[in-house]
Amino acid sequence: MFLKYKPTWMVSSIYQITPEQLKKLGIKAVLTDLDNTLIAWNNPDGTPELRAWLEEMKEANIPVVVVSNNKASRVARAVKPFGLDFISRAMKPFGLGIRRAMKQLNLQPEQVIMVGDQLMTDIRASHAANVRSVLVKPIVKTDAWNTRINRMREKVVMNHLLKKHQDMIWKGVIENE
Numbered sequence: 001m002f003l004k005y006k007p008t009w010m011v012s013s014i015y016q017i018t019p020e021q022l023k024k025l026g027i028k029a030v031l032t033d034l035d036n037t038l039i040a041w042n043n044p045d046g047t048p049e050l051r052a053w054l055e056e057m058k059e060a061n062i063p064v065v066v067v068s069n070n071k072a073s074r075v076a077r078a079v080k081p082f083g084l085d086f087i088s089r090a091m092k093p094f095g096l097g098i099r100r101a102m103k104q105l106n107l108q109p110e111q112v113i114m115v116g117d118q119l120m121t122d123i124r125a126s127h128a129a130n131v132r133s134v135l136v137k138p139i140v141k142t143d144a145w146n147t148r149i150n151r152m153r154e155k156v157v158m159n160h161l162l163k164k165h166q167d168m169i170w171k172g173v174i175e176n177e
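Note that full-length UniProt numbering gives residue 98 to position 98 of the sequence shown, counting from 1, and the numbers run on in steps of one.
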C-alpha cells in the first residue's frame, strides 16, 4: 500500500536536477509542483537560483511545466514572471493533472518526471500517472494550513518507507535506479 508513495529519487532541491542528468535518463520535460518545490508558498517572487535553473533548462530545450492543485489565477500570478506553462486544479494525488501536462507536451510517461515536496500529493500523483518522481525537501519549513494535515500523515508514511526501503536516501543527483 505504501509503495504508491515511494519516490523514484530524493534530492534536497529541484536545483540539483541538471539537464545532463535528465538527458541520460531520456527525460524531455520536468513537471513540478509550485508551492514549496519551485517557490516558497509564502514568497511568490522566487530566487536568483530559481531563475538560473529555469534558464539552464530552457537552454537545454527541457520544458518545465507547473502542475499545481491551486486555482488558475493563483498559479498564473506565480509563474508569470518565469514564463512557465502550467496546469491548475491538477487534482493531485490523482494523475489527471500530470496526464494533462503530458498531453500538452505530446510526451509519454517515461519522458517526464514529476518533482514535488509532498508524498501524499505529488509523489502519489506521479504513481497514478505512471511517471517517475523526485521528492525534494520543502523550500521553507512552514506550510499553508491545508498542507499541514498532509504533513502529519506524510510523516507516518515516510517512516514506514524508510524502514522498508534502504534505497530511500537523499542524494545530490538523479541517476538510473
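Glycine included, every Cβ here is placed at the ideal spot set by N, Cα and C.
All values reported here derive from a predicted model rather than from experimental measurement.
Practice prompt. Use the C-beta contact count for glutamine 166: other C-beta atoms within 10 angstroms, 16 or more gives buried, fewer gives exposed.
Written response: Flag for glutamine 166 reads exposed.
Fill in: Three-state secondary structure (DSSP) of serine 73
Serine 73: helix per DSSP, three-state reduction.
Discussion item. Between which residues of its own chain and methionine 158 is the CB-CB distance below 7 Å, once the five residues before and five after are set aside?
Written reply: Result list for methionine 158: Leu119, in chain order.
Discussion item. Beta-carbon within less than 8 Å of arginine 153's beta-carbon, same chain only, minus the 5 sequence neighbours each way: which residues are those?
Written reply: Here the set comprises Met120.
Worksheet item: Are valine 75 and phenylalanine 82 closer than 8 Å when you measure CB to CB?
Response: Result no, Cβ atoms of valine 75 and phenylalanine 82 do not sit closer than 8 Å.
Worksheet item: In whole angstroms, what separates the C-alpha of leucine 25 from that of asparagine 176?
Response: So the two alpha carbons sit approximately 7 Å from each other.
Worksheet entry | Check whether serine 133 and methionine 114 have beta carbons under 8 Å apart | Yes, the Cβ-Cβ distance between serine 133 and methionine 114 is below 8 Å.
Worksheet entry | Straight-line gap, valine 30 to glycine 97 (C-alpha atoms, nearest Å) | If I take the Cα positions, the gap works out to 13 Å.
Worksheet entry | Closest Cα partner of serine 12 within the set Asn36, Lys80 and Pro19 | Relative to the Cα of serine 12, the nearest Cα in the group Asn36, Lys80 and Pro19 belongs to Asn36.
Worksheet item: Between the beta-carbon of valine 66 and the beta-carbon of valine 79, is there less than 8 Å?
Response: Cβ distance < 8 Å, so valine 66 and valine 79 count as in contact.
Discussion item. Once DSSP output is grouped into helix, strand and coil, what is the label at methionine 168?
Written reply: Residue state, collapsed to three classes: coil.
Discussion item. Buried or exposed for tryptophan 53, going by 16 or more other Cβ atoms inside 10 Å?
Written reply: Label assigned to tryptophan 53: buried.
Discussion item. Taking the beta carbon of isoleucine 169 as the centre, do at least 16 other beta carbons fall within 10 Å, making it buried, or is it exposed?
Written reply: Counting other Cβ atoms within 10 Å of its Cβ, isoleucine 169 stays below 16 and is therefore classed as exposed.
Fill in: Rounded C-alpha distance that separates glutamate 59 from aspartate 45
Going from the Cα of glutamate 59 to the Cα of aspartate 45 covers about 22 Å.
Item to complete: Taking all protein chains shown into account, decide if leucine 135 is buried (16 or more other Cβ within 10 angstroms of its Cβ) or exposed.
Response: Its Cβ being crowded by 16 or more others within 10 Å, leucine 135 is buried.
Fill in: Of the listed residues Leu3, Ile14 and Lys4, nearest to glycine 116 (C-alpha basis)
Nearest of Leu3, Ile14 and Lys4 to glycine 116, Cα basis: Ile14.
Discussion item. Just to confirm the assignment, what range does the alpha helix (DSSP H) spanning arginine 99 have?
Written reply: It spans 96-105 - the alpha helix (DSSP H) in which arginine 99 sits, taken as one unbroken run.
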